[in-house]
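J.: Input: one structure, supplied below.
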Amino acid sequence: MSIKNKQIFKMIEELAPKHLAEEWDNVGLQIGSAANEVQRVLLALDIDEEVVQEAEYHRAQLIITHHPLLIKAIKNINVDTPKGGLIARLLSKGITVYAAHTNLDSAAGGVNSVLAEKLGLQDIHVLHVTGTEKYIKLAVFVPAEDVEQVAAALSGAGAGWIGNYSDCSFRTAGVGTFRPGEGTNPHIGEQSKLEFVEEVKIETIVPQEKILPVIKAMIAAHPYEEVAYDLYPLQNRGPAYGLGRIGTLSREQNFGEFARHVKELLGLEVIKAGGPSDKTIKTVALCGGSAGELWPKAAAKGADVFISGDIKYHTAQDIIAAGLCFIDAGHFHTEFPVIEKLYNYLTSRCAENNLEIEFIISKSQKDPFVYF
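Using my numbering, the first residue of the sequence shown is number 290, and each one after it goes up by one.
Structure representation (structure tokens):
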């Protein structure tokens with residue numbers, strides 16, 4: 290059974306909300322339509338001629354990439370240029386393109402979380418905090434016999450999470466009053482008659498970006514024709530989000546040993562690194578992709594080594610001068626592990642909802658650099 294592209298987009302944005310993206314970025318729908326039906330999805334780090342050819346071969350209707358095809362404003366689409374020709378080809382074949390970029394970098398379970406887990410880090414925290422989750426308190430009044438039904442709907446839509454605790458709420462019993470007016474169809478009571486109903490006030494916490502789907506689920510589950518509820522903005526500081534991660538190794542290693550371990554874990558032919566090979570490594574900071582400019586954050590937080598891609602010559606000199614080791618594991622290899630994570634996540638979400646959507650990881654993706 291096929292579904293709409295927008296349903297896949299919604300799943301991705303639950304993992305990597307669009308508000309996590311950097312201001313300069315362009316995430317979300319790139320080409321095509323959210324309303325188009327989809328049965329097969331190709332997952333890739335980048336989009337190029339080979340990836341599009343692969344999508345055509347598999348008859349995929351949607352390509353999800355990490356790097357956006359369109360990131361800067363364009364003034365025209367010249368089909369005689371590589372990018373213009375690619376856009377025309379995608380449109381002619383009815384293939385939609387969607388990108389999850391810096392929002393997937395910052396997300397819990399995104400690029401940097403996956404890289405930190407792959408390297409076996411423990412006690413993982415955000416390296417460069419760009420914000421914290423905002424919360425809203427939701428209070429809703431429910432007939433006593435319908436409390437569990439509404440509470441389950443709230444939880445299922447994402448309300449009631451505090452840390453790793455789910456279904457968090459506070460319930461207060463009381464008496465609700467109302468008088469149904471003319472033209473109403475009350476679940477309880479009669480028109481023009483004042484009613485007294487045993488009700489329970491459910492209070493719970495909701496991440497700000499989930500408030501609309503939570504309210505929608507609550508109203509759908511609530512028996513009343515008109516639902517009484519309150520929303521309160523909270524000052525509670527939620528979990529931090531941002532770029533990069535910092536954590537510790539399960540055991541100390543010298544830098545030479547650790548660099549070889551990273552090379553093996555990421556499947557690299559060669560690895561660029563700097564710093565004394567006998568330095569003891571315990572605390573590791575990292576940021577997938579091109580993020581050499583974050584090394585001062587790593588140094589300030591006591592990291593022994595900083596891992597990223599595309600570290601420039603003078604940046605490398607500055608890092609070493611500051612007493613920090615570094616590993617340039619390449620842009621491609623520090624980000625590509627997230628594609629498997631995305632595949633597992635989307636496959637699982639579709640299975641939970643009995644959606645028979647096929648996800649395919651691109652096999653044409655490769656590091657553009659070769660080594661002789």
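All C-beta atoms in this analysis are idealised placements derived from N, C-alpha and C, irrespective of residue type, glycine included.
1. In whole angstroms, what is the alpha-carbon distance linking T370 and P496?
2. Between C270 and G564, what straight-line distance do the alpha-carbon atoms span, to the nearest angstrom?
3. Using the C-alpha atoms, what's the distance from S653 back to E343?
4. For C639, name the three-state secondary structure that DSSP assigns.
5. Can you give me the C-alpha to C-alpha distance between H347 and G531, rounded to a whole angstrom?
6. Count the other CB atoms, across all protein chains shown, that sit within 10 Å of the CB of N294; report buried if there are 16 or more and exposed otherwise.
7. Ignore the nearest five residues each way along the sequence and tell me which others in I646's own chain have a CB closer than 6 Å to its CB.
8. What are the boundary residues of the beta strand (DSSP E) that I570 is part of?
9. Report the CB separation of G536 from A405 in whole angstroms; it is logged as a contact under 8 Å.
10. For the putative contact between A574 and A592, defined by C-beta atoms under 8 Å, what is the C-beta separation to the nearest angstrom?
11. So, helix, strand or coil for D456, using DSSP?
12. Under a three-way DSSP split, which group does L410 fall into?
13. Would you report the Cα separation of A441 and A324, rounded to the nearest angstrom?
14. Please go through the stretch 331-386 and give each complete alpha helix (DSSP H) segment of 4 or more residues, from N-terminal end onward.
15. Buried or exposed, going by whether 16 or more other CB atoms sit within 10 Å of the CB of K601?
16. Please go through the same chain and pick out, in chain order, the residues whose beta-carbon is closer than 7 Å to the beta-carbon of G663, but skip the five residues on each side of it.
17. Would you kindly work out how many angstroms separate the C-alpha atoms of Y632 and L351, rounded to a whole number?
18. Mind reading off the beta-carbon distance from L331 to I628? Whole number of angstroms is fine, and I expect it under 8 Å.
19. My parser needs the alpha helix (DSSP H) runs of 4 or more residues fully inside the stretch 517-561; what are they?
20. Alpha carbon to alpha carbon, what distance is there between T354 and Q319?
21. Is the beta carbon of V464 sitting closer than 8 Å to the one on E488?
22. What number of angstroms, rounded off, separates the C-alpha of I491 from the C-alpha of H476?
23. Would you list, in sequence order, the uninterrupted alpha helix (DSSP H) runs of no fewer than 4 residues that lie entirely inside the stretch 469-509?
24. From the DSSP output, read off the bridge partner residues of P432.
25. Enumerate in chain order the residues of its own chain whose CB-to-CB distance from A388 is below 6 Å, with the five nearest sequence positions on each side excluded.
26. Give the DSSP-derived three-state secondary structure of G321 in the structure shown.
27. Judging by CA-CA distance, which residue of E471, C576, G545, V436 is the nearest neighbour of M507?
28. Touch check for the stretch 424-435 and the stretch 510-526: three-plus C-beta pairs under 8 Å?
29. So, with DSSP's three-state summary, where would you put G445?
30. Hey, out of T636, A588, T623, P626, whose CA is closest to I609's CA?
31. What residue range is occupied by the uninterrupted alpha helix (DSSP H) comprising I395?
32. What span of residues does the alpha helix (DSSP H) with I608 cover, start to end?
33. Considering just the uninterrupted stretch of the alpha helix (DSSP H) at F298, what are its terminal residues?
T.: Concretely, from the data shown:
1. Translated into positions along the sequence shown, residue 370 becomes position 81. Translated into positions along the sequence shown, residue 496 becomes position 207. Using only the alpha carbons, I get a separation of about 44 Å.
2. As shown, the chain starts at 290 and ends at 661. That puts residue 270 outside it, with no answer to give.
3. Position 54 of the sequence shown holds residue 343. Position 364 of the sequence shown holds residue 653. Each residue's alpha carbon lies about 7 Å from the other.
4. Here the question's residue 639 lines up with position 350 in the sequence shown. Correct three-state label for C639: helix.
5. Locating residue 347 in the sequence shown gives position 58, where the first residue counts as 1. Locating residue 531 in the sequence shown gives position 242, where the first residue counts as 1. Cα to Cα, H347 sits roughly 35 Å from G531.
6. The residue given as residue 294 occupies position 5 in the sequence shown. Its Cβ being crowded by 16 or more others within 10 Å, N294 is buried.
7. By one-based count along the sequence shown, residue 646 stands at place 357. These residues qualify, in order along the chain: C639.
8. Here residue 570 refers to the residue found at position 281 when the sequence shown is read from its first residue. I570 -> beta strand (DSSP E) spans 569-579.
9. Position 247 of the sequence shown, counted from the first residue, corresponds to residue 536. Position 116 of the sequence shown, counted from the first residue, corresponds to residue 405. Confirmed, Cβ separation roughly 6 Å.
10. Counting from 1 along the sequence shown, the entry for residue 574 is found at position 285. Counting from 1 along the sequence shown, the entry for residue 592 is found at position 303. Yes, A574 and A592 are in contact; Cβ-Cβ is about 4 Å, under 8 Å.
11. To locate residue 456, count along the sequence shown from 1; it is residue 167. In this structure, D456 counts as coil in the three-state DSSP scheme.
12. As a position in the sequence shown, residue 410 is number 121, starting the count at 1. Three-state DSSP puts L410 in coil, outside helix and strand.
13. Locating residue 441 in the sequence shown gives position 152, counting from the first residue. Locating residue 324 in the sequence shown gives position 35, counting from the first residue. Cα to Cα, A441 sits roughly 29 Å from A324.
14. 338-347, 371-382
15. Walking along the sequence shown from the start, residue 601 turns up at place 312. K601 is exposed by the Cβ-count criterion.
16. As displayed, the chain neither begins before 290 nor continues past 661, which places residue 663 out of reach and without an answer.
17. In the sequence shown, residue 632 corresponds to position 343, counting from 1. In the sequence shown, residue 351 corresponds to position 62, counting from 1. Near 14 Å, if we compare the C-alpha coordinates of L351 and Y632.
18. The sequence position of residue 331 within the sequence shown is 42, counting from 1. The sequence position of residue 628 within the sequence shown is 339, counting from 1. Actually they do not touch by this definition, with Cβ atoms about 10 Å apart.
19. 544-554
20. In the sequence shown, residue 319 corresponds to position 30, counting from 1. In the sequence shown, residue 354 corresponds to position 65, counting from 1. Cα-Cα distance, rounded: 10 Å.
21. Translated into positions along the sequence shown, residue 464 becomes position 175. Translated into positions along the sequence shown, residue 488 becomes position 199. A contact, by the Cβ cut-off of 8 Å.
22. The count along the sequence shown starts at 1 and reaches residue 491 at position 202. The count along the sequence shown starts at 1 and reaches residue 476 at position 187. Whole-angstrom Cα-Cα distance: 19 Å.
23. none
24. Taking the sequence shown and counting its residues from 1, one reaches residue 432 at position 143. The partner list for P432 (beta bridge, DSSP) reads E488.
25. By 1-based counting over the sequence shown, the position of residue 388 is 99. The answer, listed in chain order, is V316, Q319, T354, P357.
26. Your numbering for residue 321 matches position 32 in the sequence shown. Three-state DSSP puts G321 in coil, outside helix and strand.
27. One-based indexing of the sequence shown puts residue 507 at position 218. It is V436 whose Cα lies nearest to the Cα of M507.
28. yes
29. Reading the sequence shown from its first residue, position 156 is the one you call residue 445. Here G445 sits in helix by DSSP.
30. Within the sequence shown, the letter at position 320 stands for residue 609. The option with the nearest alpha carbon to I609 is A588.
31. Counted from its first residue, the sequence shown places residue 395 at position 106. The question names Ile, yet the displayed sequence has Ser at residue 395. From DSSP, the alpha helix (DSSP H) with S395 extends over 391-395.
32. Stepping through the sequence shown from its first residue, residue 608 is reached at position 319. Looking at the DSSP string, the run of the alpha helix (DSSP H) that includes I608 is 602-610.
33. Taking the sequence shown and counting its residues from 1, one reaches residue 298 at position 9. F298 -> alpha helix (DSSP H) spans 294-304.
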